[in-house]
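Per the numbering used here, residue 4 is the first one in the sequence shown, and the count goes up by one each step.
Using N, Cα and C, we set each Cβ at its ideal position, and we do this for glycine too.
Data first, discussion second: the structure below is written as structure tokens.
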Amino acid sequence: MKQALQDIGILDFYRNKNTIKWLIFISSVIISFGSIYYTNLLVEELREREKRQIQLLAKALEYASINTDNLTFINSEIIQQNYSIPVIIADAAGNPLDMRNIKIRKNASDEEKSKILREEIQQMKAQFEPIEIMDSFVYYRNSELLTSLRFYPYIQLSVILVFGALAYAVFNQSKIAEQNRVWAGLTKETAHQLGTPIASLMAWLDYFKHSPFYEENKEVIHEMDKDVVKLRMVTERFSSIGSKPSIQPENVFMVIDEAINYLRPRISTKVNMTVNGYGNDIDAMINKPLFEWVIENICKNAVDAMKGQGNITINIIKESEKYVFVDITDDGKGMEKSIFKKIFTPGFTTRKRGWGLGLTLAKRIIEGYHKGKVFVKESEVGKGTTFRIILQGTKEGIAKFQREDFVAQGLNN
4 MKQALQDIGI LDFYRNKNTI KWLIFISSVI ISFGSIYYTN LLVEELRERE KRQIQLLAKA
64 LEYASINTDN LTFINSEIIQ QNYSIPVIIA DAAGNPLDMR NIKIRKNASD EEKSKILREE
124 IQQMKAQFEP IEIMDSFVYY RNSELLTSLR FYPYIQLSVI LVFGALAYAV FNQSKIAEQN
184 RVWAGLTKET AHQLGTPIAS LMAWLDYFKH SPFYEENKEV IHEMDKDVVK LRMVTERFSS
244 IGSKPSIQPE NVFMVIDEAI NYLRPRISTK VNMTVNGYGN DIDAMINKPL FEWVIENICK
304 NAVDAMKGQG NITINIIKES EKYVFVDITD DGKGMEKSIF KKIFTPGFTT RKRGWGLGLT
364 LAKRIIEGYH KGKVFVKESE VGKGTTFRII LQGTKEGIAK FQREDFVAQG LNN
């Protein structure tokens, strides 16, 4: 089945999704810069055209001042045809004589008009050198069309980015919702399928317990009973993942210790597992079956990293009334920092055999159901790895923390 998934590219997509994201990002940047570059070419071309138009206007004014015969034609066909480029004609002292395409309110006074035109002249001088004709100067600046065109690609890209971000968010949420539905359906069906054979095994165990050969096979039957209980727990876990699990206050040390006691006889005898509770009275909001599953997955991952030989130390730390930390440390092969986040990706595994779903499942359980965090706190190649789980404190503890914080703020104020 794993090979079939690889053949259709599902696992490869998950493994290479960061590369795909970067390719899409780089492509978007190239398209964006290409659009801006092309628009700037158009802006420069239009700018040169407007400059030539103003130069023609200046020559026409100069010609009209000398030759009055064609004044009507020059005025109607050249001067009055400028509907877009703001132009001011001023004398050598900078006093406005005439203007074109300057927005001034109709009832403005002569003093106000002069002030506005002088301010416009200063802005025009900052953009272009004025054109001298006889004893006057022609000042001008870019038309509104040219200015709008210059900023258009940035506005366009901003709109595209906002739309793309919204589309990505909607698509991502719909994809997550679809994955959750598939995940829930798969787990419910698994729990349902396991129910019948487990019930049958329980019946057979009950038969063996009352059989004549029970005493001579007591230890074997007892271990089988433990495994059946474990199967029932696994079924309960799948059932919990397929629905909204019950989160309630639990003693973290006792839950972890119980999970470790089950694991010890089922892993290599060369692995030493230690749980430090620092008082053993640390409570957190957890779902016991699912949280035990997380501990088992991380510990099994550590056993594989140590190749069945080494030490696993679990430290339970009450960081505050609000949070509880669980640090799981092994002295295995460790890992590079570049794969700290990749190990939680579905299908990612460093083993030749394996689905690469154990840590993915752990992350989903802690972050999706317990509203906590799980991550690689630290790791060094050849020395080992520490995983950290952050759990929410009990409601009573959080309420106490909030009360104390409120009192502290009041005292400080």
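- Distances from the CA of residue 208 to each of 223, 39, 108 and 102 were compared; the closest alpha carbon is that of 223.
- Within a 10 Å sphere around the beta-carbon of residue 93 sit 16 or more other beta-carbons, which makes this residue buried.
- Contact fails between the region 160-168 and the region 107-121, because fewer than three Cβ pairs, one in each stretch, are under 8 Å apart.
- Under the three-state reduction of DSSP output, residue 145 falls in the coil class, being neither helix nor strand.
- Taking residue 271 as the centre and dropping the five residues before and after it, the same chain places the C-beta of 311 closer than 6 Å to its C-beta, in chain order.
- Per DSSP, reduced to three states, the secondary structure at residue 159 is helical.
- Boundaries of the alpha helix (DSSP H) around residue 305: 291-308.
- Residue 31 carries a helical assignment under DSSP once its states are collapsed to helix, strand and coil.
- By the CB criterion at 8 Å, residue 328 and residue 391 fall inside the cutoff.
- Our two residues, residue 157 and residue 146, have alpha carbons roughly 18 Å apart in a direct line.
- Exclusion of the five residues before and after residue 95 leaves 138, 139 and 140 as the residues of its chain whose Cβ lies within less than 8 Å of its Cβ.
- Residue nearest to residue 193 within the set 162, 205, 280 and 239 is 239 (criterion: CA-CA distance).
- Taking one beta carbon from each stretch, the region 328-346 and the region 294-314 have 3 or more pairs nearer than 8 Å; the two touch.
- Secondary structure of residue 125 (DSSP, three-state): helix.
- CA-CA distance, residue 144 to residue 126, rounds to 8 Å.
- Non-local beta-carbon contacts of residue 277 in its own chain, meaning distances under 8 Å to residues more than five positions away in sequence, involve 314, 315, 316 and 317 in chain order.
- As computed with DSSP, residue 93 is found in a beta bridge with 99 and 140.
- Per DSSP, the unbroken alpha helix (DSSP H) holding residue 266 starts and ends at 255-266.
- Residue 252 is bridged by DSSP to 288.
- As computed with DSSP, residue 276 is found in a beta bridge with 315.
- Around the Cβ of residue 286, a 10 Å sphere holds 16 or more other Cβ atoms; the residue is buried.
- Of all alpha-carbon atoms in 226, 254 and 175, the one lying nearest the alpha-carbon of residue 266 is that of 226.
- Non-local C-beta neighbours of residue 261 in its own chain, meaning closer than 8 Å and more than five positions away in sequence, comprise 295, ordered along the chain.
- With respect to the C-alpha of residue 382, the residue from 330, 325, 26 and 248 having the closest C-alpha is 330.
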